[in-house]
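*Asks:*
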Amino acid sequence: MISTNKYQLDRPIKFVSVFAVTCFLLFSSCSGPDTNSRSLALGVDPASGFYTDTIQLHGIDFVMMNIRGSFAGLLKMNGDTVIPFRENYVDYTQRDIDGDSLQDLIISIMGSWKNAVNMYLYRPGDSSFRLIRNYDIEMFPVAGVGLSCSYQAAGCADMNWVSQLLRITGDSVVVLGEIINNECGNPPNSLSLYRGADGASTLLWSSSDIIPKETSFDSIPRFWKRHYKECL
3 MISTNKYQLD RPIKFVSVFA VTCFLLFSSC SGPDTNSRSL ALGVDPASGF YTDTIQLHGI
63 DFVMMNIRGS FAGLLKMNGD TVIPFRENYV DYTQRDIDGD SLQDLIISIM GSWKNAVNMY
123 LYRPGDSSFR LIRNYDIEMF PVAGVGLSCS YQAAGCADMN WVSQLLRITG DSVVVLGEII
183 NNECGNPPNS LSLYRGADGA STLLWSSSDI IPKETSFDSI PRFWKRHYKE CL
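For what it's worth, this note's numbering labels the leading residue of the sequence shown as 3, then goes sequentially.
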């Protein structure tokens, strides 16, 4: 797993309310009092806070699993798993990750660091979502160049941060380059560009022209669009 954070923590996954999930898939096989069996058939287990809902993605209906009000997994209407059930998921958003103008899924994970996510790319050929398996930091497209970039806070109230230039290949990511922005600490007011990452990087240049925290989300993709060729 590629990550710029050395202290990431993913607490053990607890699979809760297996009975409720099974009953949802089997529908009529649930037994018991009328009110209880009807709730379970609809995918509801009040004791654990488990319930299901129907959502539409790319014009297709899916079953969204929830636990205590948080997104917990996704199924096809026939019961096939799209995103496996996990209790430590928090929420999901729909946004283009790889610049193909299609809405992908970003699933937030409960943990000890910011921007911890699972990302699923939408594949229109078979209407499926494919998990990016080796990267857990939220990505954004770099417009017009077929690449993506990430953002991760790195201290001093998010004034320090790291961004990586990424190429998505199949269901994995290759890190092409990295910028490290230091607005506080030592050395202060430095912006450094590296080719490569994770112990195999080469410093290309360093500048005192930092990208301020307040403008980072807009400025980082624009920076990479200007400088991506230096990392190829």
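Positions of the beta carbon are idealized from the N, C-alpha and C atoms, including for glycine. Since we're looking at a predicted model, the values are computed, not measured.
Would you please state the rounded distance, in angstroms, between the beta carbons of V92 and S110? I believe it to be under 8 Å.
*Replies:* Residue 92 sits at position 90 when you count from the first residue of the sequence shown. Residue 110 sits at position 108 when you count from the first residue of the sequence shown. Yes, V92 and S110 are in contact; Cβ-Cβ is about 4 Å, under 8 Å.
*Asks:* Counting C-beta neighbours from all protein chains within 10 Å, is the total for G157 16 or more, i.e. buried, or is it exposed?
*Replies:* Taking the sequence shown and counting its residues from 1, the one referred to as residue 157 is at position 155. With fewer than 16 Cβ atoms within 10 Å of its Cβ, G157 is classed as exposed.
*Asks:* Taking the straight line between their C-alpha atoms, what separation do you get for K215 and A155?
*Replies:* Walking along the sequence shown from the start, residue 215 turns up at place 213. Walking along the sequence shown from the start, residue 155 turns up at place 153. Approximately 9 Å between the Cα atoms of the pair.
*Asks:* Counting Cβ pairs closer than 8 Å, one from the stretch 97–109 and one from the stretch 124–133, do we hit at least three?
*Replies:* A contact exists between the stretch 97–109 and the stretch 124–133.
*Asks:* What residues match up with Y196 in a beta bridge as DSSP calls it?
*Replies:* On the sequence shown, residue 196 is found 194 positions in, with the first residue counted as 1. Bridge partners of Y196: E180, L205.
*Asks:* Is it buried or exposed for R88, if we count other Cβ within 10 angstroms and need 16 for buried?
*Replies:* One-based indexing of the sequence shown puts residue 88 at position 86. Buried.
*Asks:* Using a Cβ distance threshold of 8 Å, determine whether the stretch 163–174 contacts the stretch 140–155, with at least three qualifying pairs required.
*Replies:* Judged by Cβ distances under 8 Å, the stretch 163–174 makes contact with the stretch 140–155, as three or more pairs qualify.
*Asks:* Applying the 10 Å Cβ sphere with the 16-neighbour rule, what's the burial state of T54?
*Replies:* For this step, residue 54 is matched to residue 52 along the sequence shown. It counts as buried.
*Asks:* Got a sec? Which residues, its chain only, sit under 8 Å from K231 by beta carbon, not counting five neighbours each side?
*Replies:* For this step, residue 231 is matched to residue 229 along the sequence shown. Result list for K231: empty, nothing under 8 Å.
*Asks:* Please classify D106: does DSSP put it in a helix, a strand, or coil?
*Replies:* Working through the sequence shown from its first residue, we reach residue 106 at position 104. In this structure, D106 counts as strand in the three-state DSSP scheme.
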